[in-house]
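Undergrad:
Numbering (our numbering), first residue to last: 7 to 416.
Shown next, in the form of structure tokens:
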């Protein structure tokens, strides 16, 4: 047979069944009445048993934390009421009830009343999520509604002291068990509200008590305390019983904690964590301030430099420096021109000295001029009888030219 393209694997279909069952509140918060089958408690403390009636059998598991809180010894054949949620056990392809409570059938009426009240209060809108108030992050004052002599108060005070010792605690004592407990709990909550409005503000109220059976905790399912909590403008944290215990005050509370200690932890921050956070923030702020100061310092230096450059004195100094440079350059150019002129003059003087006719007198030559003062350079420039001026080294004298002899002598 050809496998369809949309065929589901065994794992996938089991997962879909699991998601379907776990999303159904009726199956996750169920109370089941039946006859107790083979009840076995393993060495680990976990209990394995079955519930049955005339038409069906339901496998059940109760973890050690819940099994050790049973107030009777279960035996096969007992008529019991079990509270818990259904889950899928994939390795065996079956489903089972994870039981959190078990009571004999006579006590089953309590569970029925619990479920009836739960549905009634929910129908009134008391459990609506939109009514939940935010819990103060750094409270200054807490109200605690509990027994003045119970272990729950000691656990709360110890936890608050360790985590946030600066918080002020105001105790509103009350019975937490018995016939008169609901009235006292509602009255204690009313006192906390009066203190908040007329005396001193309260940031959060803790409603706590230690663990016990469902009968022990029944006061916390009473309409009087649930109604008072619904009308309270101060945020409320509940910590009633232990992890598996869920009373009706937990549904109306702004925040539900599993134990009194957990309620105290939820009410205040941890000073160590806050200090670490503050230190980290301070380090980041210091770094940012250092960066900002460095940038501003650089900008200031730049502005100061530009201001100095534009200051009249600075401008005058720059102009004077430019004048000095120009004067020095001009003087250099004039000196070079003067040196060049002197060199040319020296050359001309040397040339003149070389061309001076009288310079030859020093070498034994003479200069002859005719009566008109004209320089005689050839014999045909004179005639016999001319009075000639002869200039020689050391002086001048006159001579008369004589006629030449026929043999060429004078």
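Glycine included, each C-beta is placed from N, C-alpha and C at the ideal position.
All figures in this text were calculated on a predicted structure; none of them were measured in a lab.
From which residue to which residue does the beta strand (DSSP E) around residue 263 run?
TA: Residue 263 sits at position 257 when you count from the first residue of the chain shown. First-last of the beta strand (DSSP E) with residue 263: 261-263.
Undergrad: According to DSSP, simplified to helix, strand and coil, what is residue 102?
TA: What you label residue 102 is simply residue 96 of the chain shown in a count that begins at 1. Correct three-state label for residue 102: strand.
Undergrad: For the candidate residues 127, 40 and 329, whose alpha-carbon lies nearest to that of residue 61?
TA: Your numbering for residue 61 matches position 55 in the chain shown. Selected option, being the one with the closest Cα: 40.
Undergrad: What number of angstroms, rounded off, separates the C-alpha of residue 339 from the C-alpha of residue 317?
TA: For the purposes of this step, residue 339 is taken as residue 333 along the chain shown, with counting starting at 1. For the purposes of this step, residue 317 is taken as residue 311 along the chain shown, with counting starting at 1. For residue 339 and residue 317, the distance between alpha carbons rounds to 33 Å.
Undergrad: In angstroms, rounded to a whole number, what distance separates the CA positions of residue 236 and residue 23?
TA: Position 230 of the chain shown, counted from the first residue, corresponds to residue 236. Position 17 of the chain shown, counted from the first residue, corresponds to residue 23. Taking the straight line joining both Cα atoms gives about 37 Å.
Undergrad: How far does the alpha helix (DSSP H) with residue 241 in it extend, from its first residue to its last?
TA: As a working note, residue 241 is residue 235 in the chain shown. It is not in any alpha helix (DSSP H) - residue 241 carries neither H nor E in the DSSP assignment.
Undergrad: Determine contact between the segment 60-79 and the segment 95-111, defined as no fewer than three beta-carbon pairs at a distance below 8 Å.
TA: The segment 60-79, when compared against the segment 95-111, does touch it at the 8 Å Cβ threshold.
Undergrad: Check the C-beta distance from residue 245 over to residue 212 and give it rounded, since I have them as a contact under 8 Å.
TA: For this step, residue 245 is matched to residue 239 along the chain shown. For this step, residue 212 is matched to residue 206 along the chain shown. About 7 Å; that satisfies the 8 Å criterion.
Undergrad: Expressed to the nearest angstrom, what Euclidean distance is found between the alpha-carbon atoms of residue 82 and residue 172?
TA: Here the question's residue 82 lines up with position 76 in the chain shown. Here the question's residue 172 lines up with position 166 in the chain shown. Distance between the alpha carbons of residue 82 and residue 172: 55 Å.
Undergrad: Indicate the three-state DSSP secondary structure (helix, strand or coil) for residue 376 in the structure shown.
TA: Residue numbering aside, residue 376 sits at position 370 when the chain shown is read from its first letter. DSSP places residue 376 in coil when its eight states are reduced to three.
Undergrad: Which partner residues of residue 107 appear in the DSSP bridge assignment?
TA: Reading the chain shown from its first residue, position 101 is the one you call residue 107. Answer by DSSP bridge pairing, in chain order: 89.
Undergrad: Under the rule that 16 or more other beta-carbon atoms within 10 Å means buried, what is residue 417, buried or exposed?
TA: The chain is shown only over 7 to 416; residue 417 falls outside these bounds and no answer can be derived.
Undergrad: Considering only residues of the same chain and omitting the five flanking positions on each side of residue 36, which have a CB-CB separation below 8 Å?
TA: Here residue 36 refers to the residue found at position 30 when the chain shown is read from its first residue. If we look at residue 36 and ignore the five residues flanking it on each side, its Cβ neighbours are 89, 90, 91, 92 and 103.
Undergrad: Between the alpha carbons of residue 148 and residue 275, how many angstroms are there, rounded?
TA: Numbered from 1 along the chain shown, position 142 holds the residue referred to as residue 148. Numbered from 1 along the chain shown, position 269 holds the residue referred to as residue 275. Approximately 13 Å between the Cα atoms of the pair.
Undergrad: Taking the alpha-carbon of residue 377 as reference, which of 46, 371, 395 and 157 has the nearest alpha-carbon?
TA: As a position in the chain shown, residue 377 is number 371, starting the count at 1. Comparing Cα positions, the closest option is 395.
Undergrad: Among all the DSSP beta bridges, which residues are the ones paired with residue 36?
TA: Along the chain shown, one-based indexing puts residue 36 at 30. Its beta-bridge partners are 90.
Undergrad: Within its chain, find whatever has a CB closer than 7 Å to the CB of residue 223; leave out the 5 residues flanking it on each side and keep chain order.
TA: Position 217 of the chain shown, counted from the start, is the residue given in the question as residue 223. Excluding positions up to five away in sequence, the list reads 246, 247, 251 and 253.
Undergrad: If contacts are defined as beta-carbon pairs under 8 Å, then residue 43 and residue 70 qualify, I think. What distance do you get, rounded to the angstrom?
TA: Translated into the one-based positions of the chain shown, residue 43 becomes position 37. Translated into the one-based positions of the chain shown, residue 70 becomes position 64. The Cβ separation is near 20 Å, so there is no contact.
Undergrad: Ends of the alpha helix (DSSP H) at residue 395?
TA: In the chain shown, the residue the question calls residue 395 occupies position 389. Not the alpha helix (DSSP H): residue 395 falls in the beta strand (DSSP E), residues 393-398.
Undergrad: Starting from residue 333 and walking both ways along the alpha helix (DSSP H), at which residues does that stretch end?
TA: Along the chain shown, read from residue 1 onward, the residue named residue 333 stands at position 327. Its alpha helix (DSSP H) spans residues 318-361.
Undergrad: Tell me the DSSP secondary structure of residue 293 in three-state form.
TA: By one-based count along the chain shown, residue 293 stands at place 287. Note: residue 293 maps to helix in three-state DSSP.
Undergrad: Is the beta carbon of residue 269 closer than 7 Å to that of residue 214?
TA: Residue 214 sits at position 208 when you count from the first residue of the chain shown. Residue 269 sits at position 263 when you count from the first residue of the chain shown. Yes, Cβ-Cβ distance for residue 214 and residue 269 is below 7 Å.
Undergrad: Taking Cβ positions, are residue 166 and residue 180 nearer each other than 7 Å?
TA: Position 160 of the chain shown holds residue 166. Position 174 of the chain shown holds residue 180. Against a cut-off of 7 Å, the Cβ pair of residue 180 and residue 166 comes out as no contact.
Undergrad: Leaving out five residues on either side along the sequence, give the residues of the same chain with a beta carbon under 6 Å from the beta carbon of residue 374.
TA: Sequence index remark: in the chain shown, residue 374 carries index 368 (1-based). Counting only Cβ-Cβ distances below 6 Å, and skipping sequence neighbours, we find 382, 394 and 396.
Undergrad: Are residue 198 and residue 226 closer than 7 Å when you measure CB to CB?
TA: Mapped onto the chain shown, residue 198 falls at position 192. Mapped onto the chain shown, residue 226 falls at position 220. Cβ atoms of residue 198 and residue 226: not closer than 7 Å.
Undergrad: Tell me whether residue 45 is buried or exposed, calling it buried when 16 or more other Cβ atoms sit within 10 Å of its Cβ.
TA: Translated into positions along the chain shown, residue 45 becomes position 39. Per the 10 Å Cβ criterion, buried.
Undergrad: So the alpha helix (DSSP H) residue 16 belongs to, where does it begin and stop?
TA: Residue 16 sits at position 10 when you count from the first residue of the chain shown. Segment 16-28, the alpha helix (DSSP H) holding residue 16.
Undergrad: Relative to the alpha-carbon of residue 249, which residue among 241, 239 and 265 has its alpha-carbon at the smallest distance?
TA: As a position in the chain shown, residue 249 is number 243, starting the count at 1. Of the listed residues, the one whose Cα sits closest to residue 249 is 265.
Undergrad: For residue 323, is the classification buried or exposed, using 16 other Cβ atoms within 10 angstroms of its Cβ as the cut-off for buried?
TA: Stepping through the chain shown from its first residue, residue 323 is reached at position 317. Residue 323 comes out exposed.
Undergrad: Contact defined as beta carbons within less than 8 Å: I believe residue 139 pairs with residue 260. What is the distance between those atoms, to the nearest angstrom?
TA: Looking up residue 139 in the chain shown gives position 133. Looking up residue 260 in the chain shown gives position 254. Sure, about 5 Å apart at Cβ, within 8 Å.
Undergrad: By Cβ distance, which residues of its chain are closer than 6 Å to residue 234, with the 5 residues on each side in sequence left out?
TA: Residue numbering aside, residue 234 sits at position 228 when the chain shown is read from its first letter. These residues qualify, in order along the chain: 192 and 195.
Undergrad: Compute the distance between the beta-carbons of residue 150 and residue 162, then report whether it is under 7 Å.
TA: Here the question's residue 150 lines up with position 144 in the chain shown. Here the question's residue 162 lines up with position 156 in the chain shown. A contact, by the Cβ cut-off of 7 Å.
Undergrad: Sort 402, 157 and 391 by Cα distance to residue 408 and report the nearest one.
TA: Here residue 408 is taken as the residue at index 402 of the chain shown, counted from 1. Checked all of 402, 157 and 391; the closest Cα to residue 408 is 391.
Undergrad: What's the gap between the Cα of residue 337 and the Cα of residue 364?
TA: Taking the first residue of the chain shown as position 1, residue 337 is located at position 331. Taking the first residue of the chain shown as position 1, residue 364 is located at position 358. Roughly 40 Å between the two C-alpha positions.
Undergrad: Between which two residues does the beta strand (DSSP E) harbouring residue 150 extend?
TA: Taking the first residue of the chain shown as 1, we reach residue 150 at position 144. Start and end: 147-152.
Undergrad: Under DSSP, the alpha helix (DSSP H) around residue 227 begins and ends at which residues?
TA: Stepping through the chain shown from its first residue, residue 227 is reached at position 221. Segment: none, residue 227 is in no alpha helix (DSSP H) and carries neither H nor E.
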